[in-house]
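Written below as structure tokens is the structure these notes are about.
Number of protein chains: 2
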Amino acid sequence: MVKANENYLKLPGNYLFSTIGKKVRDFQDKNPEVKVIRLGIGDVTQPIAPAIIKALHSAVDEMGSAETFKGYAPDLGYSFLREKISEVDFKGRGCDISPDEIFVSDGAKCDCSNIQEIFSLDNKVAVCDPVYPVYVDSNVMAGRTGIYDEIAQSYKDVVYMPCTADNGFVPEFPDETPDLIYLCFPNNPTGAVIKKDQLQAWVDYANKNKAIILYDAAYEAYISEGDVPHSIYECEGSKTCAIEFRSFSKTAGFTGLRLGFTVIPKELEAGGVKLWDLWARRHGTKYNGAPYIVQKAGEAVYSEEGRAQIKTQIAYYMENARYIYDGLKSAGYEVSGGVNAPYIWLHTPDNMTSWEFFDHLLTKANVVGTPGSGFGPHGEHYFRLTAFGSRENTLEAIERIKKL
Amino acid sequence: MVKANENYLKLPGNYLFSTIGKKVRDFQDKNPEVKVIRLGIGDVTQPIAPAIIKALHSAVDEMGSAETFKGYAPDLGYSFLREKISEVDFKGRGCDISPDEIFVSDGAKCDCSNIQEIFSLDNKVAVCDPVYPVYVDSNVMAGRTGIYDEIAQSYKDVVYMPCTADNGFVPEFPDETPDLIYLCFPNNPTGAVIKKDQLQAWVDYANKNKAIILYDAAYEAYISEGDVPHSIYECEGSKTCAIEFRSFSKTAGFTGLRLGFTVIPKELEAGGVKLWDLWARRHGTKYNGAPYIVQKAGEAVYSEEGRAQIKTQIAYYMENARYIYDGLKSAGYEVSGGVNAPYIWLHTPDNMTSWEFFDHLLTKANVVGTPGSGFGPHGEHYFRLTAFGSRENTLEAIERIKKL
């Protein structure tokens, strides 16, 4: 008799974003005349840059002609894209990552959730708290987390590393030694960054303990300060202990185009097994490549024109971030993030819980954000706002919050 | 200490298509003047149809303007596409499949390999022999197959169902009752089809044994005969025992655009657990949707213009199939397939093994095909040719083979 994967049943039934969606719909139904401003979900609003649109049109034309039509893509992705990535994102920053160590995919979310498949089910997973839920949920589905403790709001066999105002939202080494360590910097949801020496300490820790760091650098393009690493491969020894995930979603507005990549150094091993080989095998068996036209769009991101245009786009969002940060600060809120990341992390006032503040903001200011507790127990009493709205909406939202 | 997923190490090191690639490269290096014709891999060669190209351009323009820009897609896919699929592919054939039971994805290969994740690792898997390797390999990686027996060329815990000339390449019920049954019709690699009453018998068998049929209908558009089901949902009782996979790759030349979908009926359960819920959860956690522009391209496949154009394309490939079938037959080969499928399955002459015939064809006729033994032990002494080449190359290949 067929049986379902019972690990799925360990996942709590209520999803953060569906609960938010329902609350917003209910409010809007009751107050149809109110203009609700959404600074909750991390989706971009600016259109794809002209240089990228041009590349897309040109690639579409190629697909329409027998002479230039492209079928299945090469397993790792087209080399025209992997070469640009290697050159600009890595060699340009002094990181020795070759095109062959880059696996093009349809986004960092998929890669971050799929990567655990190449590791043993016995491995112990460590995550930051608060955390992007995908890291944990994908391990729950695989059966690596144990049961969920409703009261502690955590899984029995997962190592949680609190990220609080006290440690600048950068985790300390946990008491129990993990095998797989998920780190995301610039961080979602807190907007915090890790300094080079702090990341180097994590790399040394991983090498010493024969652990692997799964480094999510999806927000790398938002870094504005000098001593913040863009890649974990800026750290010495990282090629024997780290896998890095990158995304075009926030860098170039590709949330609806779907493109990302994962870096696995050739020398990276787990128990003597080359992880490059395993991921290549997985990529070839359980995936079939990002569309040619989207990979051509990715290439255009690295053109001179494309780079200038996405720089303007990121500056636009980061100006939103500054308006939010400064506005909240001047209104007396305790705020962090927003300098090297498109997320602003605020402490709820008057000891409100995250969800109480969500309701307060929705009903009184008609602004939607994301309750910090949805990202883990240490997110309680925090709240995330995103800089991805339009300028007009962002400014209006801040004015409304200031008037509360 | 971190450990790799050791199940990957059970996979034999030599991959079918990489071995073929190497042999062809070696031959071409030694014989640079020879024109090698490739009828091996199942990739299409005709360009994307004009109606679809038009839709792609229009969708690209939408992405370039703030008013029409699209970010993250809805979890199940855009309803404009799911509604067309439900209407044309299912309701149009008397199958009661609603848009809510359709999950849009980046292709049937991904879905076919990912689907096993929502089932228990204890489930017993049955596959046809020969078989599309992805079904087996994805289960190997998950740890559901036991070790590989080099001599038997099979995994210890997998139920293999021989598909031979004697049974018309349609499997019989196995001795051991499986929990998950992979069926692919029209079949890759044999090009065989299953008749409605035969498929109904499998549906009844699955319901009786509380098994699930994982039905890969990626080649459905190539069916030309009347009594061959296009969907498993044409069978009574299938909604309580079957998941179906569909692809735009072969239907409309989307191998380089990436689009497919999976159907999970709302009432389908495994041990009391709704499989729709599990797949929705997986889709939301480990996937992030097909690109908007590609979903718009998919919609155009269902337009009047699009349907007429892809019909012409399929007719072109199927005329290739007829040339191959008739040509080989007239040359005295034992041939099957090629009538409702773009694959021709031929018995090797003179008791040659599949690889001996591969070498023979490559060196004597300079034609590349796929050795049947690469699809499983019962593929030995068989050979696959595909109808996806250009007309010119196909005709030339047949002339060369006839002269052997």
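Read top to bottom, the protein sequences are chains A and B.
First residue of the first sequence? That's -2 in our numbering, and the numbers climb one at a time after it.
First residue of the second sequence? That's -2 in our numbering, and the numbers climb one at a time after it.
By construction, the Cβ of each residue, glycine as well, lies at the ideal position given by its N, Cα and C atoms.
These numbers come from a predicted model, not from an experiment.
Contact between the region 285 to 293 of chain B and the region 323 to 337 of chain B is absent: fewer than 3 CB-CB pairs across the two stretches fall below 8 angstroms. Non-local C-beta neighbours of Glu296 (chain A) in its own chain, meaning closer than 7 angstroms and more than five positions away in sequence, comprise Ala52, Phe77, Leu78, Lys81, ordered along the chain. Among the residues facing chain A, Arg278 (chain B) is included, as its CB has a counterpart in that chain under 8 angstroms away. One alpha carbon belongs to Ser117 (chain A), the other to Ile209 (chain B), and they sit about 27 angstroms apart. The beta carbon of Asn348 (chain B) sits closer than 8 angstroms to those of His378, all from its chain and outside the five residues before and after it, given in chain order. Secondary structure remark: continuous alpha helix (DSSP H) runs of at least 4 residues inside the region 130 to 212 of chain A, in chain order: 130 to 139, 193 to 206.
Straight-line spacing of the CA atoms in Gly373 (chain A) and Ser55 (chain A) works out to 45 angstroms. Bridge pairing for Val101 (chain B): B:Phe258 [DSSP].
The CB of Gly253 (chain B) comes closer than 9 angstroms to the CB of Met60, Phe66, Lys67, Gly68, Tyr69, Ala70, Gly286, Pro288, Tyr289, Ile290 in chain A, given here in chain order. In the three-state DSSP reduction, Tyr75 (chain B) falls in the coil class, being neither helix nor strand. Counted as a single uninterrupted DSSP element, the stretch harbouring Phe66 (chain A) is not any alpha helix (DSSP H), since DSSP gives it neither H nor E.
For the region 117 to 130 of chain A, the set of residues with a beta-carbon nearer than 7 angstroms to any beta-carbon of chain B comprises Ser117, Asp119, Asn120, in chain order.
About 5 angstroms separates the Cβ atoms of Cys238 (chain B) and Asn204 (chain B), confirming a contact at the 8 angstroms cut-off. Between Val167 (chain A) and Val124 (chain A), the C-beta gap is not smaller than 8 angstroms, which leaves the two residues out of contact. Contacts with chain B at 8 angstroms (Cβ-Cβ) do not include Asn136 (chain A).
Distance between Asn363 (chain B) and His357 (chain B), taken at the CA atoms: about 9 angstroms. With a threshold of 8 angstroms between beta carbons, Thr187 (chain B) makes no contact with chain A.
Residue pairing of Asp126 (chain A) in beta bridges, as defined by DSSP: A:Pro159. When secondary structure is reduced to three states using DSSP, Ser244 (chain A) falls in the strand class. With a cutoff of 8 angstroms on beta-carbon distance, Phe385 (chain B) and Ser351 (chain B) are scored as not near each other. No residue range can be given for Ile112 (chain A), since it is assigned to no alpha helix (DSSP H) and is classified by DSSP as neither H nor E. For Ala1 (chain A), a Cβ of chain B is located within less than 8 angstroms of the residue's own Cβ.
Relative to Asp93 (chain B), the option among B:Glu396, B:Arg279, B:Gly281, B:Ile229 whose CA is nearest is B:Ile229. In the structure shown, Ile311 (chain B) falls within a helical segment according to DSSP collapsed to helix, strand and coil. Taking a cut-off of 8 angstroms on C-beta distances, the region 242 to 254 of chain B does not touch the region 191 to 200 of chain B, as fewer than three cross pairs fall below it.
Boundaries of the alpha helix (DSSP H) around Leu392 (chain A): 388 to 399.
The C-beta distance from Glu114 (chain A) to Lys263 (chain A) rounds to 20 angstroms, too long to fall under 8 angstroms, and the pair is not in contact. For Met(-2) (chain B) against Gly268 (chain A), the beta-carbon gap comes to about 7 angstroms, under 8 angstroms, which counts as contact. Annotation: Asn2 (chain A) to Thr282 (chain A) spans about 21 angstroms, alpha carbon to alpha carbon.
When Cβ pairs closer than 8 angstroms are counted between the two stretches, the region 145 to 165 of chain A is seen not to touch the region 99 to 109 of chain A, the count staying below three. Chain A places no beta carbon closer than 8 angstroms to that of Gln310 (chain B), leaving this residue out of the contacts.
B:Leu13 is the residue among B:Leu13, B:Asp213, B:Leu8, B:Leu6 whose C-alpha sits nearest the C-alpha of Gly369 (chain B). For Leu211 (chain A), the closest C-alpha among the options A:Gly253, A:Tyr132, A:Glu231 is that of A:Tyr132. The beta carbon of Val57 (chain A) sits closer than 7 angstroms to those of Ile290, all from its chain and outside the five residues before and after it, given in chain order. A distance below 8 angstroms separates the beta carbons of Gly253 (chain A) and Gly68 (chain B).
In this structure Asn337 (chain B) is buried. Its beta-carbon is surrounded by 16 or more other beta-carbon atoms within 10 angstroms.
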